[in-house]
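Note sheet for the following structure.
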Amino acid sequence: MGGPFGKCYDPSGSQFGIPTYPWRYAPKGLATRRQLRARGLRPGGQQIAAQVLRPRYRRGPLTAYLYRVDRAKPVRPMTPARWAALAKANLARRTCPTCRTDAGYVIPTSLGMCVPCAYPDDEQRAA
4 MGGPFGKCYD PSGSQFGIPT YPWRYAPKGL ATRRQLRARG LRPGGQQIAA
54 QVLRPRYRRG PLTAYLYRVD RAKPVRPMTP ARWAALAKAN LARRTCPTCR
104 TDAGYVIPTS LGMCVPCAYP DDEQRAA
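Each residue of the sequence shown is one higher than the last, beginning at 4 in the numbering used here.
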């Protein structure tokens, strides 16, 4: 394999320490975390089996770590306590610290408060 992909092809792992493949050229049976999650799986504590590199100009390559699909475990189901904690965290993200109301949307971190509290004069002009 020549060109920019030639630098990313190391199936023996002699150059990078683990088997390395160019982007989209990974062998069957290996998947990234996102690909495992899409199948309802998780790495389950296994070591990284290989990596995929995508060369970029003027920057270092993008790296994606690959795990063996046959060793992956099913995703743990959400418990009622986890659902409750997630709901509480989302409510905290929607609550305005200034007026203490549920804004109905996630408060923008750039404002730090709901839009009516951040721009009180705009409300009077619109009416």
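For glycine and all other residues, C-beta sits at the position ideal for the given N, C-alpha and C.
Under a three-way DSSP split, which group does residue i fall into?
i	result
Ala29	coil
Pro119	helix
Arg103	coil
Arg61	coil
So if DSSP puts residue i in a beta bridge, which residue, or which two residues, is it bridged to?
i	result
Val55	Tyr24, Ala67
Leu1	Outside the displayed span of the chain (4 to 130) sits residue 1, for which this structure offers no information.
Asp13	Thr23
With residue i as the anchor, note down where its alpha helix (DSSP H) starts and where it stops.
i	result
Leu94	83-97
If you count every other CB in all the chains shown that lies within 10 Å of the CB of residue i, and 16 or more means buried, which is it?
i	result
Cys117	buried
Ala88	exposed
Ala34	buried
Ile110	buried
Leu131	Look at the range of the chain in this structure, 4 to 130, and you will see that residue 131 is not part of it.
Leu69	buried
Ala92	exposed
Ala90	exposed
Ala29	buried
Legend entry - Sufficient close CB pairs (3 or more, under 8 angstroms) joining the segment 11-27 to the segment 35-44: no
Inset, instruction - Answer yes if the segment 20-28 comes into contact with the segment 55-69, meaning at least three C-beta pairs across the two stretches below 8 angstroms, and no otherwise. - result: yes
Inset, instruction - For the segment 43-51 and the segment 59-78, state whether three or more C-beta atom pairs, one from each stretch, are separated by less than 8 angstroms. - result: Touching, yes.
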